[in-house]
Amino acid sequence: MSLDVTDSQAKLDAKVQEALKIYDGIDVLINNASYIEAGLVEDVTHERLVASCNINLFGPINLTRSILPHFRQRKAGTIIFMGSVGAGPYCVGKFGLEGIVECLQKETSQFGIRTVIIEPGYYRTKVYSEANVKWEPLSIQEYEPTQTALKGMVKAVDGNQPGDPKKAAERIVDIVRREGLAAGKETPPRLPLGPDCFQQLKDKFLSTLKILEDWEELIVSTNLDSK
376 MSLDVTDSQA
386 KLDAKVQEAL
396 KIYDGIDVLI
406 NNASYIEAGL
416 VEDVTHERLV
426 ASCNINLFGP
436 INLTRSILPH
446 FRQRKAGTII
456 FMGSVGAGPY
466 CVGKFGLEGI
476 VECLQKETSQ
486 FGIRTVIIEP
496 GYYRTKVYSE
506 ANVKWEPLSI
516 QEYEPTQTAL
526 KGMVKAVDGN
536 QPGDPKKAAE
546 RIVDIVRREG
556 LAAGKETPPR
566 LPLGPDCFQQ
576 LKDKFLSTLK
586 ILEDWEELIV
596 STNLDSK
């Protein structure tokens, strides 16, 4: 069966009901549909941002809404979202998913539903192919060196990613089934996947910790004065 994540909520609801009639139950939803909007923040148009969010953010949220009644009724189910650690406007949707997943995990865990966003590193897929990365003509020429560098990075990465997508899929199956390297572990709301992603996130969190330490005096200085 075919499904377009940008369809209306009513159409997505109908698709889920169609799938339930075929398979007599759904255990797992993996929100994997996406494309990379690779423009620069100042240069990207509102329309392009909305189009990106329709696929990368609102589509997964709406499809999740469609499946949640079934999962609540079953008192079980796993919902997986795919995140990202970079890529400009693309991250508008992906960062939005991170916030939604944290809230959704707290709201639905009472029904036996698990929710997790996987943040993959670089895997040898077609995600960085010319067909999947959307570059629009640059309208602000001052950014030409930046866009040229980004295009060069994407071209260099495409076909040379270190990650094995087969292994990534196997690890995700382990997470869903709580087997293998995921056995006996509580599923977190956010999980990086890949040594490159591990290091990027570790560096980011260490940088955030340093900000907290360096700016602690100012950060904690805003409570009302004691009487």
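The sequence shown begins at 376 in the numbering used here and counts up by one. Where a beta carbon is used, it is the ideal one built from N, C-alpha and C, also for glycine. Since this is a predicted model, take the numbers as computed values, not measurements.
Is the beta carbon of residue i less than 8 Å from the beta carbon of residue j?
{"i": "G569", "j": "G463", "result": "no"}
{"i": "D402", "j": "G452", "result": "yes"}
{"i": "V491", "j": "T562", "result": "yes"}
{"i": "I458", "j": "E494", "result": "According to the sequence shown, residue 458 is Gly rather than Ile. Contact: yes."}
{"i": "V380", "j": "G434", "result": "yes"}
{"i": "L581", "j": "P567", "result": "no"}
{"i": "V425", "j": "F456", "result": "no"}
{"i": "D578", "j": "S514", "result": "no"}
{"i": "E473", "j": "R565", "result": "yes"}
{"i": "F415", "j": "I454", "result": "The identity of residue 415 in the sequence shown is Leu, whereas the question assumes Phe. No; because the gap between Cβ atoms is not below 8 Å, this pair is not in contact."}
{"i": "V548", "j": "V529", "result": "no"}
{"i": "P540", "j": "T500", "result": "yes"}
{"i": "K526", "j": "F486", "result": "no"}
{"i": "A557", "j": "I550", "result": "yes"}
Return the first residue and the last residue of the beta strand (DSSP E) that residue i is part of.
{"i": "R552", "result": "Element bounds for R552: not the beta strand (DSSP E) but the alpha helix (DSSP H), P540 to R552."}
{"i": "I397", "result": "Not the beta strand (DSSP E): I397 falls in the alpha helix (DSSP H), residues Q384 to Y398."}
{"i": "L378", "result": "No beta strand (DSSP E) holds L378; DSSP gives it neither H nor E."}
{"i": "N535", "result": "Looking at the DSSP string, N535 is not in any beta strand (DSSP E), and its letter there is neither H nor E."}
{"i": "V403", "result": "V403 to N406"}
Quick check on the DSSP output: the alpha helix (DSSP H) that includes residue i runs from which residue to which?
{"i": "I594", "result": "E591 to I594"}
With distances taken Cα to Cα, identify the nearest neighbour of residue i among the options.
{"i": "V532", "options": "A557, V467 and D571", "result": "D571"}
{"i": "N535", "options": "Y498, P564 and W590", "result": "Y498"}
{"i": "Y465", "options": "A506, A413 and R447", "result": "A413"}
{"i": "I488", "options": "A524, R447, I475 and I515", "result": "R447"}
{"i": "I594", "options": "M376, I586 and K560", "result": "I586"}
{"i": "M376", "options": "T523, Y398 and L479", "result": "Y398"}
{"i": "T483", "options": "W510, H445, V502 and F470", "result": "H445"}
{"i": "N431", "options": "F470, K450 and W590", "result": "F470"}
{"i": "S383", "options": "N429, L599, T420 and L395", "result": "N429"}
{"i": "V502", "options": "G538, T521 and Q480", "result": "G538"}
Item checked: Minimum length 3: unbroken beta strand (DSSP E) runs contained in the stretch 424–472 -> Qualifying beta strand (DSSP E) stretches, in chain order: 452–457.
Note to self: Quick check for students: name the residue ranges of the beta strand (DSSP E) that lie wholly in the stretch 465–521, counting only runs of 3 or more.
What the structure shows: Within the stretch 465–521, the complete beta strand (DSSP E) runs of at least 3 residues are 488–495.
Check: Which runs of the beta strand (DSSP E) spanning at least 3 residues fall entirely within the stretch 561–591, listed in chain order?
Finding: Counting only unbroken stretches of 3 or more residues, the beta strand (DSSP E) elements lying wholly within the stretch 561–591 are 565–568, in sequence order.
Notebook entry, point to check: Can you find at least 3 beta carbon pairs, one from the stretch 407–416 and one from the stretch 425–438, that sit closer than 8 Å?
Noted result: Verdict: yes, contact present.
Notebook entry, point to check: Just checking, does the stretch 378–393 make contact with the stretch 440–449 on the three C-beta pairs under 8 Å criterion?
Noted result: These segments touch.
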